[in-house]
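Remarks on the structure that follows.
Residue numbers (my numbering), protein chains in the order written: chain E, 1244 to 1568; chain F, 1244 to 1568.
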């Protein structure tokens, strides 16, 4: 094939895109993303978490195959496969350094080699919260900001500090563990990391529910969603525990602002859907904590919703700020 | 003068140096610093704080004149005047954005214009704690580290997060306010910023002394230095309050490590001279707070001592990582 012919190959002349994978303990979501951050096609499967890392990589490859065969993929020039994955990820080598037992034998998995062998694609990976942050910084609530903080408040709490749109993953790949941050409202309360007093222990969704039960709440209230509904119906203990979680998150956001001085703070995760009771408590906690020059800082919800992490993962190949690595 | 002659001028052919100024509320220290970070000559005067900003700039210019006339300055090629100054400093424009009343009318001072007019030198400035961090990252305890955290625990508490040796000053020039960070050991205690519960309110030197008095300590113990001596002599309340301050600083260091994931944490400021009682409490607080992958992180004392800020200030013109701005 001569050079002129090569230039005519459809995969060379077509639109550029990448696969983005959001890999969590219960679900693997995959998307085919273009250079604008639009999701051209998507699919998901339950994570075969108990079957181990090889089965999980097979499932990812299966999603990529399915999306690659979709009509939307025709003529696209695929740059690679970006992944946001649970656990501590060495972004330089796309390797899982450590992880909880949620996915069997997940720690140590070489995502790059395992997925290159299965798909033939170049692979990049970051921790899922950093993928989320990258998505919001690329084409979501923090687009165009040189210094932004994402705080994800859901089943757990994590964060991503983005400088020039690039998540700061730290010297040992554990940067952004914003949930493991001393909270004055969590003194003595056990955290998922085995220590006590951390933000996640009082402000994560399940922590709010546990706090409600600990303070004598109705044991038939099954989860934070029910608790939130109860709070909005006027139940005082539900209001109190929901507000404690929100206030703790707001205090943490204020402390983080005083340290990192971002242009804005983007909140994501399940708790951002808990309504004004939660948001008002977040804003009050922030106001009590942030120094004067930061009192007017914008606290905004994320805009990419459930697609943020897979868009951000694809952004490892497509976002102007990260794709040159 | 032709080009060849110009190249022979002594200021062109001589060793390169810069002036570094460490400007605090009570003292102005100035140094003539070479490209290795060595202090060739230094001088200091009390800050004429009650006489206002113009008098302070005159005093700085007087120090620069004196050092410029010193024998050590002969034949040096002076790049400029770098300053680490109290207050919130707009590093891009070398301007004091806001400050306490310690120096009269200090807020709003245009350091660049005021000192250029007086000395003819190019001027750069950062907040004094960032200057301190820059010094340690250039040629002190954090030399060669791509990601380092400096925590200064003295009369106040501040910090500097250095990426590639560059202090992260934030979007509103207030990054590094590590003292204004919720501490579980400071709940309800008033902070210098007017809020409550911040680290500085329990862990700064004067705060440790106030805590000692509040808990019923001997009112004839005049300051933290005396309290520290008493603690080392076995006084239990002095030990307790010294340790509370150290533990709070250690908890904060652990929280900050979980977020920023630095290669090491450098401690500076007066409290680092308080001996093993303080350092042991810092290490215990850190160990209680840092996540597993960071338990072995190095916590080290700063190595440049009182010269750190003026060396770092000169580094704004001389350090490889910052001088290209």
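Even for Gly, the Cβ is constructed at its ideal location relative to N, Cα and C.
Find the residues of chain E that neighbour residue i, judging by a C-beta separation of less than 7 Å, and give them in chain order.
{"i": "residue 1506/F", "result": "1414"}
{"i": "residue 1430/F", "result": "1427"}
So which residues of chain F does residue i contact, with C-beta pairs closer than 8 Å?
{"i": "residue 1501/E", "result": "1417, 1420, 1421, 1423, 1424"}
{"i": "residue 1331/E", "result": "1536"}
Going along chain F in order, which residues have a C-beta closer than 9 Å to the C-beta of residue i?
{"i": "residue 1532/E", "result": "1423, 1424, 1425, 1438, 1440, 1441"}
{"i": "residue 1494/E", "result": "1425, 1440"}
{"i": "residue 1336/E", "result": "What residue 1336/E touches in chain F: nothing, since even the nearest Cβ is about 16 Å away."}
{"i": "residue 1390/E", "result": "1411, 1413, 1414, 1418"}
Looking at C-alpha atoms only, which residue of the options is the closest neighbour of residue i?
{"i": "residue 1543/F", "options": "1450/F, 1438/F, 1526/F", "result": "1526/F"}
{"i": "residue 1435/E", "options": "1423/E, 1428/E, 1322/E", "result": "1423/E"}
{"i": "residue 1438/F", "options": "1398/E, 1494/E, 1507/E", "result": "1494/E"}
{"i": "residue 1415/F", "options": "1396/E, 1391/E, 1397/E, 1403/E", "result": "1391/E"}
{"i": "residue 1342/F", "options": "1268/F, 1411/F, 1301/F", "result": "1268/F"}
{"i": "residue 1404/F", "options": "1314/F, 1426/F, 1379/F", "result": "1379/F"}
{"i": "residue 1537/F", "options": "1562/F, 1498/F, 1461/F", "result": "1498/F"}
{"i": "residue 1357/F", "options": "1278/F, 1456/F, 1321/F, 1301/F", "result": "1301/F"}
{"i": "residue 1501/F", "options": "1540/E, 1276/E, 1412/E", "result": "1412/E"}
{"i": "residue 1286/E", "options": "1456/E, 1315/E, 1432/E", "result": "1315/E"}
{"i": "residue 1516/F", "options": "1284/F, 1508/F, 1425/F, 1471/F", "result": "1471/F"}
{"i": "residue 1322/E", "options": "1364/E, 1468/E, 1311/E", "result": "1364/E"}
{"i": "residue 1440/F", "options": "1532/E, 1339/E, 1304/E, 1297/E", "result": "1532/E"}
{"i": "residue 1505/E", "options": "1539/E, 1308/E, 1350/E, 1329/E", "result": "1539/E"}
{"i": "residue 1346/F", "options": "1299/F, 1474/F, 1455/F", "result": "1299/F"}
Between residue i and residue j, what straight-line distance do the alpha-carbon atoms span, to the nearest angstrom?
{"i": "residue 1503/F", "j": "residue 1487/E", "result": "26 Å"}
{"i": "residue 1289/E", "j": "residue 1551/E", "result": "18 Å"}
{"i": "residue 1253/F", "j": "residue 1317/F", "result": "Residue confidence for residue 1253/F is low, a pLDDT of 46 falling below 50, so the modelled location carries little weight and cannot support an answer."}
{"i": "residue 1260/F", "j": "residue 1319/F", "result": "6 Å"}
{"i": "residue 1372/E", "j": "residue 1547/E", "result": "13 Å"}
{"i": "residue 1491/E", "j": "residue 1306/E", "result": "39 Å"}
{"i": "residue 1522/E", "j": "residue 1362/F", "result": "52 Å"}
{"i": "residue 1383/E", "j": "residue 1336/E", "result": "27 Å"}
{"i": "residue 1514/F", "j": "residue 1553/E", "result": "47 Å"}
{"i": "residue 1558/F", "j": "residue 1565/F", "result": "7 Å"}
{"i": "residue 1406/F", "j": "residue 1462/F", "result": "44 Å"}
{"i": "residue 1327/E", "j": "residue 1555/E", "result": "8 Å"}
{"i": "residue 1561/F", "j": "residue 1477/F", "result": "47 Å"}
{"i": "residue 1396/F", "j": "residue 1511/F", "result": "6 Å"}
{"i": "residue 1266/F", "j": "residue 1344/F", "result": "14 Å"}
{"i": "residue 1283/E", "j": "residue 1352/E", "result": "29 Å"}
{"i": "residue 1244/E", "j": "residue 1277/E", "result": "Its pLDDT being 37, under 50, residue 1244/E is placed unreliably by the model, and the measurement read from it follows with that caveat. Each residue's alpha carbon lies about 28 Å from the other."}
{"i": "residue 1529/E", "j": "residue 1496/E", "result": "6 Å"}
{"i": "residue 1325/E", "j": "residue 1374/E", "result": "9 Å"}
{"i": "residue 1296/F", "j": "residue 1394/F", "result": "28 Å"}
{"i": "residue 1545/E", "j": "residue 1507/E", "result": "11 Å"}
Evaluate residue i with the Cβ neighbour count: other Cβ atoms within 10 Å of its Cβ, from every protein chain shown; 16 or more gives buried, anything less gives exposed.
{"i": "residue 1293/F", "result": "exposed"}
{"i": "residue 1388/F", "result": "buried"}
{"i": "residue 1429/E", "result": "buried"}
{"i": "residue 1466/F", "result": "exposed"}
{"i": "residue 1272/E", "result": "buried"}
{"i": "residue 1248/F", "result": "Caution applies to residue 1248/F, whose pLDDT of 39 falls short of 50 and renders its modelled position unreliable; the model cannot decide the point."}
{"i": "residue 1402/E", "result": "buried"}
{"i": "residue 1360/E", "result": "exposed"}
{"i": "residue 1281/F", "result": "exposed"}
{"i": "residue 1385/E", "result": "buried"}
{"i": "residue 1519/E", "result": "exposed"}
{"i": "residue 1333/F", "result": "buried"}
{"i": "residue 1549/F", "result": "exposed"}
{"i": "residue 1563/F", "result": "exposed"}
{"i": "residue 1312/F", "result": "exposed"}
{"i": "residue 1460/F", "result": "buried"}
{"i": "residue 1431/E", "result": "exposed"}
Assuming residue i and residue j form a contact by the criterion Cβ under 8 Å, report the distance between their Cβ atoms to the nearest whole angstrom.
{"i": "residue 1198/E", "j": "residue 1482/F", "result": "No answer is possible for residue 1198/E: the residues shown for chain E start at 1244 and end at 1568."}
{"i": "residue 1377/F", "j": "residue 1369/F", "result": "7 Å"}
{"i": "residue 1331/F", "j": "residue 1409/F", "result": "So it is not a contact: roughly 18 Å between Cβ atoms."}
{"i": "residue 1263/E", "j": "residue 1274/E", "result": "5 Å"}
{"i": "residue 1458/E", "j": "residue 1480/E", "result": "6 Å"}
{"i": "residue 1398/E", "j": "residue 1447/E", "result": "6 Å"}
{"i": "residue 1426/F", "j": "residue 1444/E", "result": "Not a contact, Cβ separation roughly 16 Å."}
Which residues in chain E have a C-beta closer than 9 Å to the C-beta of residue i? List them in chain order.
{"i": "residue 1341/F", "result": "1535, 1536"}
Taking 7 Å as the line, does the beta carbon of residue i fall inside it for any heavy atom of the ligand GTP?
{"i": "residue 1430/E", "result": "Among the components of this structure there are no ligands whatsoever, and the ligand GTP is therefore not found."}
Along chain F, which residues have their Cβ under 7 Å away from the Cβ of residue i?
{"i": "residue 1498/E", "result": "1424, 1425"}
- prompt: What residues from the region 1300-1325 of chain E come within 9 Å of chain A, judged by C-beta to C-beta, listed N to C?
  reply: Included in the structure are the protein chains E and F, with no chain A among them.
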